[in-house]
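**Student:** Got a structure for you, written out below as structure tokens; questions coming shortly.
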Amino acid sequence: MKRNTILFLIILSLFVSCTTVEKSGRTMNVLVPETNYGGLEIINEQDYAKEMDTIVLPYLESKRHYNVIYSKEDNHRIYYEYFDNENEKGTIVILHGFSEFVNKYNEVAYYFLKQNYDVYLIEHFGHGFSERNIEDLSKV
33 MKRNTILFLI ILSLFVSCTT VEKSGRTMNV LVPETNYGGL EIINEQDYAK
83 EMDTIVLPYL ESKRHYNVIY SKEDNHRIYY EYFDNENEKG TIVILHGFSE
133 FVNKYNEVAY YFLKQNYDVY LIEHFGHGFS ERNIEDLSKV
């Protein structure tokens with residue numbers, strides 16, 4: 033939980049300017065920032081599902097590649113996805129948290145891609161499409 037919170041705050045700080053808080057007496061007035069940050073269009077909360085289905089997911093599919101690697105020590109299959117930009121500024125590697133999988137980070141990957149970064153999403157052993165030691169898929 034702590035790692036997810038830290039990762040979220042780091043990613044959020046890259047894309048969102050800080051909300052301005054003004055102290056007036058005993059109350060705090062929070063000014064909500066706009067949804068366009070330096071040309072980066074943030075998904076609208078009210079139309080989230082529609083925008084994910086019509087904008088984000090088709091864009092990701094046009095750039096998505098996937099593969100597996102095998103761990104050296106015990107030869108476990110580890111699944112990963114990557115998204116290429118032709119003129120990338122750098123590479124972002126995203127590692128999910130406990131009981132998560134790469135698709136949970138589609139929106140974050142989209143924002144990094146739109147800022148011209150390559151993105152790699154790696155699934156840990158026992159999660160998603162990576163190998164696991166138990167048959168019951170509901171357990172990690």
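This note's numbering runs 32 ahead of the 1-based position in the sequence shown.
Where a beta carbon is used, it is the ideal one built from N, C-alpha and C, also for glycine.
Keep in mind that this is a model prediction, so the values were computed, not measured.
(1) Under 8 Å: do the segment 107-118 and the segment 148-156 share three or more Cβ pairs, one atom per stretch?
(2) From the DSSP output, in three-state form, read off I110 for me.
(3) If you drop the 5 nearest sequence neighbours on each side, which residues of the same chain put their C-beta closer than 6 Å to that of D85?
(4) Tell me, which residues are paired with Y98 by DSSP?
(5) Name the DSSP beta bridge partners of V151, please?
(6) How about L89 and Q147: are their beta carbons less than 8 Å apart?
**Tutor:** Let's see:
(1) yes
(2) strand
(3) none
(4) E113
(5) F115 and I124
(6) For L89 and Q147, no; Cβs fall outside 8 Å.
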